[in-house]
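One rule links them: number in my numbering = place in the sequence shown (from 1) + 9. Positions of the beta carbon are idealized from the N, C-alpha and C atoms, including for glycine. What follows is one structure encoded as C-alpha cells, with my remarks underneath.
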Amino acid sequence: MTSKYLPPVRVLRGRRVHAVYTESPVPDYVGNPLIEALPPIYSDLEAAGRMAVYPRFDEAQRSQPAHIRLHLVQAALRFFVALPVHIDLEQRFSRMIRVGYQGRNPTATSYFGDLNQRLERFAEIMESPTSIPTGFTILGMSGVGKTSALTAVLRLYPQVVIHSRYWERDFDHLQLVWLKLDCPYDGSTKGLCLNFFHAVDDLLGTDYYETYAAGRRTVDELIPRMARVASLHSVGVIVVDELQHLSGSKSGGGKLMLNFFVTMSNELGLPVVLVGTYKAQAVLTGELRQIRRGTGQGDLIWDNMQPDEVWDFFLESLFRYQYLLHPTPLTPELNQTLYE
C-alpha cells in the first residue's frame with residue numbers, strides 16, 4: 010500500500026563488497042571488523058586523487074562536426090576536481106565514521122546486551138536528548154555543490170559490506186556503511202522513517218518496511234524500529250539532505266525529528282550529518298541549537314568560491330574541456346568574467 014507520507018524514494022547507491030580486513034594504524038580501531046573492513050585512512054593527496062573525475066579528452070575531438078561536439082561536451086558534466094573544502098569534508102567523514110564505530114564492535118561479548126538496553130530506553134531519552142557527539146551540519150546556498158561533494162566523499166567508501174569470517178572465526182553480518190536520505194518536503198518525521206525502511210530494503214534486499222512500517226504505524230512506533238534496524242546493520246552514518254524542509258514542518262515535527270537524530274548519535278553512536286540551504290538557519294536558531302553546540306566535527310558553512318588561487322586552479326582544470334574549432338585562451342579578463 011502506498012503511504013500518503015511517502016514520495017518516490019531516490020536511493021544513492023554505492024558499492025557492495027565482501028569484507029577484506031586490514032589492521033588499522035590507530036590502536037583504538039584495532040580488533041573492530043566494522044572499521045578494519047573500511048578503506049585505508051587517506052592522505053590529502055590520496056583522497057583528492059580518488060575523488061577527482063577527469064573525463065577523457067582528445068584535442069582532435071575539436072575538429073568533429075558541431076552535432077558531434079554537442080554530444081562530446083556532455084562529458085564535461087562529469088568533471089570533478091577536489092578542492093580544499095572537499096578534502097576537509099573527506100577528513101571529517103573519515104574520522105566521524107570510525108569514531109562512531111569505535112563503541113559498536115559487534116564481536117565484543119557485551120555488545121548485543123548493551124545494545125538492547127539502549128534500544129529499550131530509546132523513546133524515553135528522546136524527550137530530552139543531550140548534545141550530539143560525532144555528526145555535524147552543512148549549510149550553503151542552493152547549487153553551490155554540497156550534494157555533489159557529499160556524493161564524491163561517500164563513494165570513497167563501500168556502501169554495503171558483507172562479512173562472513175573475521176580472521177579466525179565466523180562472523181555473518183551485513184554492514185551498511187552509509188545511507189543518504191532527503192528530508193521530506195513537509196518536514197514529516199514519519200515520512201523520513203518510511204523512506205529509511207524503503208531505502209534499506211532496496212539496498213539490502215530485506216523486508217523491513219512490511220515488517221515494521223506497513224499499515225497505520227505511528228511515529229512513536231516507527232522511530233524505535235528505525236533505530237533497531239540501523240543498529241542491526243551497523244549503519245556508519247546517515248546523511249539527511251534538504252534540511253531546510255524542516256522550516257516548514259508541522260508544529261513540533263522539526264523538534265521531534267532533530268531530537269531523534271541527537272538520540273541516535275548519543276545512545277547508538279550513529280553519526281548524523283544534516284545538510285541544507287541557508288533557509289535552515291531558522292531551524293538552527295531554534296531546535297538545532299543544542300546540536301550545534303555539541304557537533305563533534307564542527308559545523309561547515311559552504312560559501313561560494315572566492316576569486317583566489319583555488320578558483321584559478323578549478324578554472325584552469327576545467328578550461329581544457331573546450332570543444333571549439335578554435336579554442337579560446339584563458340586570459341585574466343576572461344577569468345574575471347567567468348567568476349562574475
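Distance, valine 162 Cα to leucine 98 Cα: If you number the sequence shown from 1, residue 98 lands on position 89. If you number the sequence shown from 1, residue 162 lands on position 153. Roughly 7 Å between the two C-alpha positions.
Boundaries (first-last residue) of the alpha helix (DSSP H) holding tryptophan 176: The residue you call residue 176 lines up with position 167 of the sequence shown. Note, tryptophan 176: premise wrong, no alpha helix (DSSP H); not H, not E.
Inter-residue Cα distance where the pair is glutamate 325 and proline 341: As a first step, residue 325 must be located in the sequence shown, where it is residue number 316. As a first step, residue 341 must be located in the sequence shown, where it is residue number 332. Roughly 11 Å separates the two Cα atoms.
Selection from His95, Tyr110 and Lys199 that minimises the alpha carbon distance to phenylalanine 156: Here residue 156 refers to the residue found at position 147 of the sequence shown. It is worth fixing the name first, because residue 156 is threonine in this sequence and not phenylalanine. The option with the nearest alpha carbon to threonine 156 is His95.
Beta-carbon gap between tyrosine 218 and aspartate 210 smaller than 7 Å: Against the sequence shown, residue 218 aligns to sequence position 209. Against the sequence shown, residue 210 aligns to sequence position 201. Against a cut-off of 7 Å, the Cβ pair of aspartate 210 and tyrosine 218 comes out as a contact.
Pairwise C-alpha distance: valine 238 and aspartate 321: Here residue 321 refers to the residue found at position 312 when the sequence shown is read from its first residue. Here residue 238 refers to the residue found at position 229 when the sequence shown is read from its first residue. Rounded to whole angstroms, aspartate 321 to valine 238 spans 46 Å at the Cα level.
Cα-Cα separation between tryptophan 311 and leucine 265, rounded to whole angstroms: Along the sequence shown, one-based indexing puts residue 311 at 302. Along the sequence shown, one-based indexing puts residue 265 at 256. Rounded to the nearest angstrom, the two C-alpha atoms are 26 Å apart.
Assigned secondary structure, phenylalanine 270 (DSSP; H/G/I helix, E/B strand, else coil): The residue given as residue 270 occupies position 261 in the sequence shown. Reduced to three states, the DSSP call for phenylalanine 270 is helix.
Euclidean distance between Cα positions of alanine 289 and cysteine 192: Locating residue 289 in the sequence shown gives position 280, where the first residue counts as 1. Locating residue 192 in the sequence shown gives position 183, where the first residue counts as 1. The straight-line gap from Cα to Cα measures roughly 12 Å.
Validate contact between the stretch 169 to 188 and the stretch 32 to 44 using beta carbons, cut 8 Å, 3 pairs: yes
From Leu201, His27 and Ala61, residue whose alpha carbon lies closest to that of arginine 164: Position 155 of the sequence shown holds residue 164. Ranking Leu201, His27 and Ala61 by Cα distance to arginine 164 puts Ala61 first.
Any alpha helix (DSSP H) of 4 or more consecutive residues that is wholly inside the stretch 58 to 96: 75 to 81
Segment limits, beta strand (DSSP E) that includes leucine 333: Start at 1 with the first residue of the sequence shown, and residue 333 comes out as number 324. Leucine 333 -> no beta strand (DSSP E), and no H or E assigned at all.
Expected contact under 8 Å - CB spacing of serine 240 and leucine 277 to nearest Å: Here residue 240 refers to the residue found at position 231 when the sequence shown is read from its first residue. Here residue 277 refers to the residue found at position 268 when the sequence shown is read from its first residue. That pair is a contact at about 6 Å.
Beta-bridge partners of lysine 189, as assigned by DSSP: Sequence index remark: in the sequence shown, residue 189 carries index 180 (1-based). In the DSSP output, where bridge partners are listed per residue, lysine 189 has Val248.
Tyrosine 332 and valine 170 closer than 7 Å at C-beta: By 1-based counting over the sequence shown, the position of residue 332 is 323. By 1-based counting over the sequence shown, the position of residue 170 is 161. No; because the gap between Cβ atoms is not below 7 Å, this pair is not in contact.
Beta-carbon proximity check, tyrosine 330 vs phenylalanine 121, cutoff 7 Å: Stepping through the sequence shown from its first residue, residue 330 is reached at position 321. Stepping through the sequence shown from its first residue, residue 121 is reached at position 112. Going by C-beta atoms, tyrosine 330 is not nearer than 7 Å to phenylalanine 121.
Reduced DSSP category for threonine 304 - H, G, I as helix; E, B as strand; rest coil: Numbered from its first residue, the sequence shown carries residue 304 at position 295. Low local confidence applies: a pLDDT of 49 at threonine 304 is under 50, so the model's placement there is unreliable, with the coordinate-based value given in what follows. Correct three-state label for threonine 304: coil.
With 16 other Cβ atoms within 10 Å as the buried cut-off, status of proline 336: Your numbering for residue 336 matches position 327 in the sequence shown. Its Cβ having fewer than 16 others within 10 Å, proline 336 is exposed.
Leucine 148, DSSP secondary structure in three states: One-based indexing of the sequence shown puts residue 148 at position 139. Strand.
Residue range of the alpha helix (DSSP H) that includes arginine 127: To locate residue 127, count along the sequence shown from 1; it is residue 118. Per DSSP, arginine 127 belongs to the alpha helix (DSSP H) from 120 to 129.
Option in Ile147, Lys199, Tyr287 and Gln168 with minimal Cα separation from valine 281: Counting from one through the sequence shown, the residue named residue 281 turns up at place 272. That would be Ile147, whose Cα lies nearest to the Cα of valine 281.
Cα-Cα separation between proline 338 and glutamate 32, rounded to whole angstroms: Within the sequence shown, residue 338 is the residue found at index 329, counting from 1. Within the sequence shown, residue 32 is the residue found at index 23, counting from 1. Using only the alpha carbons, I get a separation of about 50 Å.
DSSP state of glutamine 184 mapped onto helix, strand, coil: Here residue 184 refers to the residue found at position 175 when the sequence shown is read from its first residue. It is a strand residue.
Inter-residue CB distance, valine 246 and glycine 109 (contact presumed, cutoff 8 Å): Along the sequence shown, one-based indexing puts residue 246 at 237. Along the sequence shown, one-based indexing puts residue 109 at 100. So it is a contact: roughly 7 Å between Cβ atoms.
Close Cβ partners of aspartate 317 (< 7 Å) along its chain, the five nearest in sequence each way excluded: Position 308 of the sequence shown, counting from 1, holds the residue named residue 317. Counting only Cβ-Cβ distances below 7 Å, and skipping sequence neighbours, we find nothing.
For glycine 285, the residue or residues it bridges with in DSSP: As a working mapping, residue 285 is identified with position 276 in the sequence shown. Its beta-bridge partners are Leu148.
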